[in-house]
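Residue numbers (this note's numbering): 197 to 803.
As structure tokens, this is what we get:
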């Protein structure tokens, strides 16, 4: 959030990981001749059936009609960020048998290989080719090997490459059959926002899919999974299927589980549809100063902007009303406190927002953590506030090199912030309102990039809010990401979306609700939040920030997310009927713009 008018603060996309392609073994000049009994055991190696039988990382693969080597289709695979566009297939083989792997490729560089051979895994690659070129390698399976994985991939930061007419020639393996239906589905742990499940392993299964109410919500490689992002005190029905290269089994018998009470931010008593706004209380800008008593009843959550630290690393947060010299119409401290009480008596929530554009906060030490808890508590107690809004921007949050798992962060500024907020939550109890207003760079960009990356060289702030959101999800009242002052962000459709229209808000919000693999790692999936924990963040006027969205486009975004209409080209992963509402920067700018933003909110929701 900004003290002034619009200034683009989105950091440039992460520095592209660059690494020299390591030298590999020479291409096999002459492949062994196949015997008369040999067959091609690869499935859909010509991609005429699209990606059937193939698994491409991070949605990097697609079947295209040009260029092709043979037939009418070929694979186009596009590396992005930390992903090298690996496409693989599990193939049934016979033990102690010789196989020849071959494919026609176009691009630079392109790799072809096989793993799980039971002997020596093999690979080959071509450094550069402007025309179709054949790659070939061979291997012998081990004495107990019945399945191998064949794959192709490119290299990080390189353009798309193409693959066609891939074959694996050798003795035919026994046919793969669809696995049996899993039995013994049961719950092993239940909380206010999650249910842990387990079931009996199925012979021949390579994976399992978990369904909630008939909708797929999780995948697992073994016979257990935990479904998160659930509502407290709510009954859910679960089923599971077994999968392998031949397909998916029928769904298992259902098991029902009811979550416990008390999750999801406590007894905050927000209305089903909430309007959140920031009030410039400690400074003035071109929008003018708005007194607390003059804030219309439309606003359900009022965030006081801003509490700021005495220094970046002190953790000592201070808040005071705008000086008279800067805000001639500022109310007295007593009037301000009385107006807060009046708002609360009318059912509104008033929070202290920490940070903003100028308020860099780095809790790099336990001393800073403790000072944060003490000073924020003093502000809350002095003004009788309902809770805390975390608006850390700029360089407040970043991930240390090697901190690669959002589920178990190690960076002190992340760990100490989580600890501080949990302490405040414990101190004030279930009614404590906790909201967050990160930028897209710190959240949705985590779908592609996380921290400095596995090889370094990336912006360490990328996705840095994810461990904070995840650790505090059971305490979180609202997450309202700033869908403005942002560069293009890739959505779950693996397309880039740009701010200013309904499409951006649809794609960015759907990511928060559906969840996503962090940095493309399907073993590290950020679980979706509950719809009642999410609001869309927008600027109230063209003066408030880049990415202003007209009321008509705002309504289209709400229609798509809540009703699954007006969605355009992006298809959401659910119908999010319980989406909480909207947030805006700011109440002051909305007043400056004749209350266009809040009037439209009231009209849309019939308030």
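All residues carry an ideal CB built from backbone N, CA and C; glycine is no exception.
Values in this document were obtained by computation on a predicted structure and should not be read as measured data.
Rounded C-beta distance between residue i and residue j? I'm assuming under 8 Å.
{"i": "residue 317", "j": "residue 242", "result": "No, residue 317 and residue 242 are not in contact; Cβ-Cβ is about 24 Å, not under 8 Å."}
{"i": "residue 197", "j": "residue 501", "result": "6 Å"}
{"i": "residue 446", "j": "residue 437", "result": "7 Å"}
{"i": "residue 704", "j": "residue 640", "result": "5 Å"}
{"i": "residue 454", "j": "residue 430", "result": "7 Å"}
{"i": "residue 253", "j": "residue 716", "result": "6 Å"}
{"i": "residue 348", "j": "residue 308", "result": "5 Å"}
{"i": "residue 408", "j": "residue 394", "result": "Incorrect: roughly 16 Å between the Cβ atoms, too far for contact."}
{"i": "residue 725", "j": "residue 708", "result": "6 Å"}
{"i": "residue 485", "j": "residue 526", "result": "6 Å"}
Which one or two residues does DSSP pair with residue i in a beta bridge?
{"i": "residue 645", "result": "DSSP output for residue 645 lists no bridge partner at all."}
{"i": "residue 804", "result": "In the structure displayed, the chain extends from 197 to 803; residue 804 sits before or after that span and is not available."}
{"i": "residue 321", "result": "307"}
{"i": "residue 383", "result": "393"}
{"i": "residue 732", "result": "778"}
{"i": "residue 476", "result": "501"}
{"i": "residue 704", "result": "Per DSSP, none; premise fails for residue 704."}
{"i": "residue 329", "result": "301"}
{"i": "residue 335", "result": "295"}
{"i": "residue 187", "result": "Residue 187 is absent from the structure shown; the chain starts at 197 and stops at 803."}
{"i": "residue 412", "result": "407"}
{"i": "residue 675", "result": "632 and 730"}
{"i": "residue 686", "result": "692"}
{"i": "residue 444", "result": "439"}
{"i": "residue 270", "result": "260"}
Residue i lies in the beta strand (DSSP E); which residues open and close that run?
{"i": "residue 347", "result": "343 to 349"}
{"i": "residue 798", "result": "No beta strand (DSSP E) contains residue 798, which is instead part of the alpha helix (DSSP H) from 792 to 800."}
{"i": "residue 547", "result": "545 to 551"}
{"i": "residue 302", "result": "294 to 302"}
{"i": "residue 408", "result": "403 to 408"}
{"i": "residue 432", "result": "431 to 440"}
{"i": "residue 630", "result": "629 to 632"}
Beta carbon of residue i, beta carbon of residue j: below 9 Å?
{"i": "residue 598", "j": "residue 722", "result": "no"}
{"i": "residue 736", "j": "residue 801", "result": "no"}
{"i": "residue 441", "j": "residue 249", "result": "yes"}
{"i": "residue 630", "j": "residue 585", "result": "yes"}
{"i": "residue 539", "j": "residue 498", "result": "yes"}
{"i": "residue 301", "j": "residue 329", "result": "yes"}
{"i": "residue 366", "j": "residue 339", "result": "no"}
{"i": "residue 712", "j": "residue 663", "result": "no"}
{"i": "residue 402", "j": "residue 428", "result": "no"}
{"i": "residue 638", "j": "residue 659", "result": "yes"}
{"i": "residue 669", "j": "residue 389", "result": "yes"}
{"i": "residue 303", "j": "residue 363", "result": "no"}
{"i": "residue 358", "j": "residue 279", "result": "no"}
Just the Cα atoms here: how many angstroms apart are residue i and residue j?
{"i": "residue 237", "j": "residue 295", "result": "10 Å"}
{"i": "residue 667", "j": "residue 240", "result": "43 Å"}
{"i": "residue 478", "j": "residue 582", "result": "18 Å"}
{"i": "residue 710", "j": "residue 753", "result": "16 Å"}
{"i": "residue 513", "j": "residue 682", "result": "27 Å"}
{"i": "residue 461", "j": "residue 271", "result": "Since pLDDT at residue 461 reaches only 45, below the 50 mark, its modelled position is unreliable, and the value read off the structure follows with that caveat. Approximately 46 Å between the Cα atoms of the pair."}
{"i": "residue 483", "j": "residue 733", "result": "19 Å"}
{"i": "residue 799", "j": "residue 261", "result": "48 Å"}
{"i": "residue 492", "j": "residue 518", "result": "20 Å"}
{"i": "residue 544", "j": "residue 451", "result": "40 Å"}
{"i": "residue 795", "j": "residue 695", "result": "22 Å"}
{"i": "residue 661", "j": "residue 503", "result": "19 Å"}
{"i": "residue 742", "j": "residue 551", "result": "19 Å"}
{"i": "residue 282", "j": "residue 405", "result": "22 Å"}
{"i": "residue 773", "j": "residue 470", "result": "14 Å"}
{"i": "residue 746", "j": "residue 392", "result": "43 Å"}
{"i": "residue 380", "j": "residue 306", "result": "44 Å"}
{"i": "residue 784", "j": "residue 350", "result": "50 Å"}
{"i": "residue 223", "j": "residue 333", "result": "Confidence is the limiting factor: at residue 223 the pLDDT is only 31, short of 50, which leaves the residue's position unreliable and the question unanswerable from this model."}
{"i": "residue 244", "j": "residue 263", "result": "13 Å"}
{"i": "residue 533", "j": "residue 579", "result": "6 Å"}
{"i": "residue 420", "j": "residue 400", "result": "16 Å"}
{"i": "residue 565", "j": "residue 473", "result": "27 Å"}
{"i": "residue 570", "j": "residue 548", "result": "14 Å"}
{"i": "residue 803", "j": "residue 496", "result": "12 Å"}
{"i": "residue 291", "j": "residue 650", "result": "36 Å"}
Please list the terminal residues of the continuous alpha helix (DSSP H) segment that includes residue i.
{"i": "residue 785", "result": "783 to 788"}
{"i": "residue 148", "result": "As shown, the chain starts at 197 and ends at 803. That puts residue 148 outside it, with no answer to give."}
{"i": "residue 620", "result": "608 to 624"}
{"i": "residue 538", "result": "529 to 541"}
{"i": "residue 569", "result": "562 to 579"}
{"i": "residue 493", "result": "Careful: residue 493 lies outside any alpha helix (DSSP H) and carries neither H nor E."}
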